[in-house]
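Asks: Let me begin by handing over the structure; questions about it come next.
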Amino acid sequence: MTDSAQREGREEESRRGPGHWAKQVFLRLGVLPLFLIGALVIFTWLSENFLTQRNLLNVVRQSSYLVLVSVGQMFALLTGGFDLSVGTIVAVTSVVGALAMAALHAALPEATFLVITLGCLAGIAAGGLIGAINGLGVALFRVSPFMMTLGMASVGFGIALFLTGGVPVYGMPFAFSDAFGFGSLLGIPSPVFVAILLIVFLYFLVSRTATGRYFYAVGANIQAAELSGVPSRRILFLAYLFCGLIAAIAGMLLTARLETGEANIGSSLALESIAACVIAGVSLRGGVGRLENVVLGALFIGLLSNGMNLAQIQSYLQTVVVGVLLIVAVIADQYRLRLMAADRA
Amino acid sequence: MVWNGEEAPILRVRGLTRTFPGVRALDRVDLDLRAGEVHVLFGENGAGKSTLIATLAGVHAPDEGSIELRGEEVRLHSVHDAREHGISAVFQEFSLVEELTIEENLFLGNELKRGPFLDRKAARRRARELLESLEFPLRPERKVKTLTRAEKQMVEIAKGFRSRVSVLILDEPTASLTERETESLFALVRKLQAKGAGILYITHRMAEIREIGDRVTVLRDGRKIETVDAGSTSEEELVRLMTGRVIDQIFPSIEFSPGAEVLRVEGLTTRSGHVRDASLEVHAGEIVGLAGLVGSGKSELLRACYGLDGIASGRVVFLGEEVNGQSPRRMIRRGFFYGPPDRRAEGLLMNRSVRENILLPAIGTAAYRRGGFLRTGKERDTAAELAARLQLQPPRIERPVSQFSGGNQQKVLLAKSLTRDFRLFVFDEPTVGVDVGTRTEIYRFLAELCEEGAAVVVISSDLPEVLHLSRRAYVLYRGEIKAHLVGEEITQENVLQHFFEREVA
């Protein structure tokens, strides 16, 4: 081997060093893997309690609510919109579910199972109703998702406060919290269990059914979708309905964990769920995004707040970090698109 | 061209090359524009005219080649930059802000100020002077969104004249003007000519070339073919230069075997008024051409049948059933395929894969479903098979459509028509922005469809397409069907006679 050939070989090698590898990962998978690795390294270094099985399990359990809401949010984002009312949906669900359950429990103290079932249904129906109204506004009356969901966020929050007078709702059967808040099934904490079930179901819906495909089609180009026979209005409606229902399920799980119905929970969920999706590569223009990445994105945000808690970073500052990362993710995504275009040319 | 000491051209273009992903839009184009001449650019759709003027107006940077202005090489970084150099362009697509007034639009980016404040009085006065000098009957305080298309065109032209112009580029400026407006535009062009400006003028209309052109440069497939004298070159010669090849090599010969009636339209008037009292019929085993200028209603007519435009009166009968006012979704189920003209806007999901695009009309059907789930294996097989049949290049069905060239994107759009049992195939501008090679393939595809017994409609602004593919042709003008030509009657003269009624009349 001649000198120059050796040099070339070395250059080749250096080109395939960590920098090259990181670039390839970034191009293919986006910014999320880099964020995850960064978070793991930094928090492991900052706190010895971070990288323990117990803590990581804890993160998964705490994140399951955000995972659910983010997966719902993804449907709205896929169709090219978003849902700012997810936090309100969680609050309304919590309040209505808790009120219904408390009232039924007082009337039928023996029928615990029935009381819990009916209470959950009432709460989820209330949250789903807000989603359905969002869907009608966006699909039928062509209200922009921004105005529609912002408006409903205000309506729902008002109703939740009105129903409770701003005071937490007590009086639910203890079995509810025992089962859904603190219990576990097959060794898996129940909120995580519910989340896994839903994720599996939604994964098949999104990737293996015509309806799932249509969410992407409507978001990528609603006119082309319509001309190809996609029932675009029904799909838009379903996106917000699903988003509402999934957020409502998260709302009931959170209510079980808190043991009270509260109007003030979920205020940060709209931002956090959109952040989880965007960090996971869901396009704000619609038509692009993968469910499994969104789950990872939401887990990342959970990991972040857990790590910052362990590192004793003030909660006020934590919201600053989430906001900054969200913006960085968007900038990185645009940079990635440019790199991909350059790679092709 | 030999340099022989005659007066230097005002604009000198040498070896201008510009590539877009998959397409060489301009290939070493030379052009000289003399002071005081009207230089016509002539060529088919996709020949490179638009790219050439966009490059000269500073929209695109050239990959190679030079632009000299009065003997000095210039680099144009933006439209603004080009205008500073005295090159002003009036594009077909308007660059007006709808919510602003005419005067605000005229001085947008170049506002008249007194101190730090806008000088509205001066703007109004200057705008009025400008519009008066052009003899455009417009009040400068009107909002642009209240204007008709023709009036917007006038504002766009006026914008081109707001600063001192030495090179003016006009892209089919008369397309939406009335005869009187056209006359005053021509008068203006002559005035500018007399002042020594050079004018680059794009038109498809022979009459205009005769009336106002001095020289004609013919472009084809991104190359300059020849520059000829406008006065002494015959129409036939220009068309030959423009198409440049033996017609038989591009267009297949098609065996028509007309059968049962598939579509019948009776006295159709759309709610928008773009189509008035139109009647036509389409049979299985034939290709029917619809010709006409942009805005003649040829596209809207079939779009109304497909359920995209509202129908005010008349009847649409498809496969023996009246189908007025159905949605595209229902029409697809009945077997009506419509391939829209603008694949980016209406045809394709640009950031989704070829496979998803091709199968979008079909995945809702039972053939692709098993127990509620999509049959993804069958989906992949179909997509791969159709990609092979249409010779998609590269044959990568999982790639986003946006990464393919225009011609291959068009193939994806065509492939959608083969995923279901369609009975009528309507292709609206099937070869727009497509290179010659792909064009030939697309024509063969249409011929095969027809020979397999399908009813095919080709809507096209590209005249040769209608002339050589159709068994019968309808010519539309301003929303009405002016002629129905069969077989041998479909000649350029016969079609053009109705195409350019205004010029003929």
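Protein sequences, first through last, are from chains A and B.
This note's numbering applies: residue 1 is where the first sequence begins, and numbers increase by one.
This note's numbering applies: residue 1001 is where the second sequence begins, and numbers increase by one.
C-beta: ideal position from N, C-alpha, C; glycine also.
Predicted model, so just to flag it, every value in this text is computed and none were measured.
(1) Using beta carbons (cut-off 8 Å, strictly below), is Leu227 of chain A in contact with chain B?
(2) Below 8 Å on the Cβ atoms is my guess for Val1288 of chain B versus Arg1444 of chain B; work out the distance and round it to an integer in Å.
(3) Quick one: residues in its chain with C-beta nearer than 7 Å to the C-beta of Val192 of chain A, no 5 flanking neighbours on either side, listed in chain order?
(4) Classify Gly1487 of chain B as helix, strand or coil using the three-state DSSP reduction.
(5) Alpha carbon to alpha carbon, how far is Val1029 of chain B from Ala1150 of chain B?
(6) Within this structure, are the beta carbons of Asp83 of chain A and Thr164 of chain A separated by less than 8 Å?
(7) Going by the CB atoms, is the gap between Met152 of chain A and Asn134 of chain A shorter than 8 Å?
(8) If we call anything under 8 Å between Cβ atoms a contact, is Gly261 of chain A one with Ile1332 of chain B?
(9) Based on Cα-Cα distance, which residue from A:Gly80, A:Ala139 and A:Gly323 lies nearest to Leu271 of chain A?
(10) Based on the DSSP secondary-structure assignment, which residues constitute the bridge partners of His1039 of chain B?
(11) How is Phe1373 of chain B classed by DSSP in three states: helix, strand or coil?
(12) Which residues in chain A sit within 8 Å of Met1350 of chain B, going by Cβ to Cβ distance?
(13) What's the gap between the Cα of Leu1100 of chain B and the Cα of Ala1158 of chain B?
(14) Do the segment 1081 to 1090 of chain B and the segment 1255 to 1264 of chain B touch if we need at least three Cβ pairs shorter than 8 Å?
(15) Using a Cβ cut-off of 8 Å (strictly closer), state whether Ser14 of chain A contacts chain B.
(16) Cβ closer than 8 Å: which chain B residues qualify as neighbours of Tyr335 of chain A?
(17) Note down, one range per segment and in chain order, each alpha helix (DSSP H) of at least 4 residues found wholly within the segment 1094 to 1153 of chain B.
(18) Which residue's Cα is closest to the Cα of Pro1328 of chain B: B:Glu1322, B:Ser1313, B:Val1466 and B:Gly1307?
(19) In its own chain, which residues sit with a C-beta less than 6 Å from the C-beta of Gly1347 of chain B, not counting the 5 before and 5 after it?
(20) What first and last residue would you give for the alpha helix (DSSP H) that runs through Leu68 of chain A?
(21) Determine which residues of the segment 1356 to 1378 of chain B have a Cβ less than 8 Å from any Cβ of chain A, and write them out in chain order.
(22) What number of angstroms, rounded off, separates the C-alpha of Glu1172 of chain B from the C-alpha of Gly1160 of chain B?
(23) Of all the CB atoms in chain E, is at least one closer than 8 Å to the CB of Ile1332 of chain B?
(24) Can you pull the DSSP bridge partners for Ile1087 of chain B?
(25) Determine, using beta-carbon pairs with one atom in the segment 154 to 172 of chain A and one in the segment 278 to 289 of chain A, whether at least three such pairs fall under 8 Å.
(26) So is Glu1099 of chain B in contact with chain A if we call contact Cβ pairs under 8 Å?
(27) Taking Ala256 of chain A as the reference, give the member of A:Ser184, A:Ile159, A:Arg54 and A:Leu56 with the closest Cα.
(28) From what residue to what residue does the alpha helix (DSSP H) around Ser154 of chain A run?
(29) What residue from B:Arg1162, B:Thr1440 and B:Arg1276 has the CA that sits closest to Ala1312 of chain B's CA?
(30) By DSSP's criteria, Arg1220 of chain B is part of a beta bridge. Which residues make up the other side?
(31) Between the beta-carbon of Leu93 of chain A and the beta-carbon of Ala132 of chain A, is there less than 8 Å?
(32) Spatial neighbours of Leu1301 of chain B within its chain, please: C-beta separation below 6 Å, excluding the five flanking residues on both sides.
(33) List in chain order: all unbroken alpha helix (DSSP H) runs of 4+ residues lying wholly within the segment 192 to 224 of chain A.
(34) Using DSSP bridges, identify the partner residues of Pro33 of chain A.
(35) Relative to the C-alpha of Val1294 of chain B, which residue among B:Asn1105, B:Glu1385, B:Val1475 and B:Ile1102 is closest?
(36) Tell me Tyr1474 of chain B's beta-bridge partners as DSSP assigns them.
Replies: Quick answer:
(1) Along the first sequence, read from residue 1 onward, the residue named residue 227 of chain A stands at position 227. Yes - at least one Cβ of chain B is within 8 Å of the one on Leu227 of chain A.
(2) Along the second sequence, one-based indexing puts residue 1288 of chain B at 288. Along the second sequence, one-based indexing puts residue 1444 of chain B at 444. At roughly 18 Å, the Cβ-Cβ gap does not stay under 8 Å, so Val1288 of chain B and Arg1444 of chain B are not in contact.
(3) Start at 1 with the first residue of the first sequence, and residue 192 of chain A comes out as number 192. Closer than 7 Å at Cβ, skipping near neighbours: Val60, Arg61 and Ser64.
(4) Along the second sequence, one-based indexing puts residue 1487 of chain B at 487. Residue state, collapsed to three classes: helix.
(5) Your numbering for residue 1029 of chain B matches position 29 in the second sequence. Your numbering for residue 1150 of chain B matches position 150 in the second sequence. Computed Cα separation, rounded: 32 Å.
(6) For this step, residue 83 of chain A is matched to residue 83 along the first sequence. For this step, residue 164 of chain A is matched to residue 164 along the first sequence. Not in contact: Asp83 of chain A and Thr164 of chain A (Cβ atoms no closer than 8 Å).
(7) For the purposes of this step, residue 134 of chain A is taken as residue 134 along the first sequence, with counting starting at 1. For the purposes of this step, residue 152 of chain A is taken as residue 152 along the first sequence, with counting starting at 1. Going by C-beta atoms, Asn134 of chain A is nearer than 8 Å to Met152 of chain A.
(8) Within the first sequence, the letter at position 261 stands for residue 261 of chain A. Within the second sequence, the letter at position 332 stands for residue 1332 of chain B. Not a contact, by the Cβ cut-off of 8 Å.
(9) Mapped onto the first sequence, residue 271 of chain A falls at position 271. Per the Cα distances, A:Gly323.
(10) As a first step, residue 1039 of chain B must be located in the second sequence, where it is residue number 39. Paired residue(s): B:Leu1200 and B:Arg1215.
(11) Residue mapping note: residue 1373 of chain B aligns to position 373 of the second sequence, counting from 1. In the structure shown, Phe1373 of chain B sits in a strand (DSSP, three-state: E or B).
(12) As a working mapping, residue 1350 of chain B is identified with position 350 in the second sequence. Simply Ala220 and Asn221.
(13) Here residue 1100 of chain B is taken as the residue at index 100 of the second sequence, counted from 1. Here residue 1158 of chain B is taken as the residue at index 158 of the second sequence, counted from 1. About 15 Å.
(14) no
(15) Stepping through the first sequence from its first residue, residue 14 of chain A is reached at position 14. Low confidence applies here, because Ser14 of chain A scores a pLDDT of 47, under 50, leaving its location unreliable and the question unanswered by this model.
(16) Position 335 of the first sequence holds residue 335 of chain A. By Cβ distance, chain B contributes nothing, its closest Cβ being about 17 Å from Tyr335 of chain A, past 8 Å.
(17) 1102 to 1106 and 1120 to 1133
(18) If you number the second sequence from 1, residue 1328 of chain B lands on position 328. Checking every option, the nearest Cα to that of Pro1328 of chain B belongs to B:Gly1307.
(19) The count along the second sequence starts at 1 and reaches residue 1347 of chain B at position 347. Excluding sequence neighbours, Gly1347 of chain B sits near Pro1340 and Leu1413.
(20) Within the first sequence, the letter at position 68 stands for residue 68 of chain A. Run containing Leu68 of chain A: Gln53 to Leu78, per the alpha helix (DSSP H) assignment.
(21) Glu1356, Leu1360, Pro1361, Ile1363, Gly1364, Tyr1368, Arg1369, Gly1372, Phe1373, Leu1374 and Thr1376
(22) Reading the second sequence from its first residue, position 172 is the one you call residue 1172 of chain B. Reading the second sequence from its first residue, position 160 is the one you call residue 1160 of chain B. Going by the C-alpha atoms only, they are around 14 Å apart.
(23) You won't find chain E in this structure, because its protein chains are A and B.
(24) As a working note, residue 1087 of chain B is residue 87 in the second sequence. Looking at the DSSP assignment, Ile1087 of chain B forms a beta bridge with B:Val1167.
(25) no
(26) Locating residue 1099 of chain B in the second sequence gives position 99, where the first residue counts as 1. By this cut-off, Glu1099 of chain B is not an interface position.
(27) Residue mapping note: residue 256 of chain A aligns to position 256 of the first sequence, counting from 1. For Ala256 of chain A, the nearest C-alpha among the options comes from A:Ser184.
(28) Indexing the first sequence from 1 puts residue 154 of chain A at position 154. Its alpha helix (DSSP H) spans residues Pro145 to Thr164.
(29) Here residue 1312 of chain B corresponds to residue number 312 of the second sequence, with the count starting at 1. Ranking the options by Cα distance to Ala1312 of chain B, first place goes to B:Arg1276.
(30) As a working mapping, residue 1220 of chain B is identified with position 220 in the second sequence. According to DSSP, Arg1220 of chain B bridges with B:Arg1223.
(31) Working through the first sequence from its first residue, we reach residue 93 of chain A at position 93. Working through the first sequence from its first residue, we reach residue 132 of chain A at position 132. Looking at the sequence provided, one finds Thr at residue 93 of chain A rather than Leu. Not a contact, by the Cβ cut-off of 8 Å.
(32) Within the second sequence, the letter at position 301 stands for residue 1301 of chain B. Here the set comprises Val1275 and Ala1278.
(33) 210 to 220
(34) For this step, residue 33 of chain A is matched to residue 33 along the first sequence. None; Pro33 of chain A has no bridge partner.
(35) Against the second sequence, residue 1294 of chain B aligns to sequence position 294. Considering only alpha carbons, the answer is B:Val1475.
(36) The residue you call residue 1474 of chain B lines up with position 474 of the second sequence. Its beta-bridge partners are B:Leu1290 and B:His1484.
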